[in-house]
Amino acid sequence: MAFRRNCGLELLVASLTLTFALIQLVEANSDGDALYALRQSLTDPDHVLQSWDQNLVNPCTWFHVSCNQDSRVTRVDLGNSNLSGDLAPELGKLEHLQYLELYKNNIQGTIPSELGNLKSLISLDLYNNNLTGNIPTSLGKLKSLVFLRLNDNRLTGSIPRELTKIPSLKVL
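Okay, here's the thing in structure tokens:
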């Protein structure tokens, strides 16, 4: 009787462990999908994104990507990488992203409003690109944001009033 209880308990622990591992795998894969969408929207003549392989489920193994202990993407560091193209709206799905570093490239188009979904974002560095259009008001939802560097682009319009309501914002 004790053997059956222990066996049942071991089975329960094993299945819970497997369930949590699968959840982490799915979350890492959703982060990978968002980053792969960025890769698809960019031209990469120097092959800095070569390791960004959609078949590798965990994007934490990709160059220029950092993750937390739960294998969730926290940093994308692609500054000065000779990239061109547009920012993918799917970046807004990176729930744990804290640093998005895409400065000194040749990225054009508009800043996707979906970046306003990055609740953990501390630093958004898009300076020295060819971004156009308005600064999205949705960036005002980034309550953890400390650094917002958008200078040396071709942005138009005024700075959204919503940005003045971010208490942590130090550099604009």
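Mapping of the sequence shown onto mature numbering (1 follows the signal peptide of the UniProt record, and there is no 0): residues -28 to -1, 1 to 144, in sequence order.
Ideal Cβ placement from N, Cα and C applies to all residues, glycine included.
Classification of residue i by the beta-carbon crowding that lies within 10 angstroms, buried from 16 upward
i: Pro139; result: exposed
i: Pro31; result: buried
i: Val143; result: exposed
i: Thr15; result: exposed
i: Thr128; result: exposed
i: Ser130; result: exposed
i: Thr46; result: buried
DSSP-derived helix/strand/coil call for residue i
i: Gln80; result: strand
i: Asn102; result: strand
i: Gly129; result: coil
i: Leu96; result: strand
i: Asp58; result: strand
i: Leu144; result: coil
i: Leu122; result: coil
i: Leu114; result: coil
i: Leu28; result: coil
i: Leu14; result: strand
i: Ser23; result: coil
i: Asn52; result: coil
Residues sharing a beta bridge with residue i, DSSP
i: Arg47; result: Ser38, Tyr71
i: Leu87; result: Looking at the DSSP assignment, Leu87 forms no beta bridge with any residue, so it has no partner.
Chain-order list of residues whose beta-carbon lies under 7 Å from that of residue i (same chain, five-residue window excluded)
i: Ala9; result: Ala60, Glu62
i: Ala6; result: Glu62, Leu63, Lys65, Leu66
i: Pro17; result: Asn54
6 Å Cβ shell around residue i - same chain, five flanking residues per side excluded
i: Leu72; result: Val48, Leu96
i: Leu120; result: Leu96, Leu144
i: Phe35; result: Ser23
i: Gly4; result: Pro31
Cutoff 8 Å; reference residue i; Cβ partners in own chain excluding five residues on either side
i: Gln12; result: Ala60
i: Lys115; result: Lys91, Ile138, Pro139, Ser140
i: Arg126; result: Asn102, Leu103, Thr104
i: Val(-16); result: Only weak support is given to the placement of Val(-16): the predicted model assigns it a pLDDT of 46, under 50, and the value that follows is read from those uncertain coordinates. Nothing meets the Cβ criterion.
Integer Cβ distance of residue i from residue j, believed to fall under 8 Å
i: Leu74; j: Leu50; result: 5 Å
i: Pro132; j: Leu111; result: 7 Å
i: Asp124; j: Asn106; result: So it is not a contact: roughly 17 Å between Cβ atoms.
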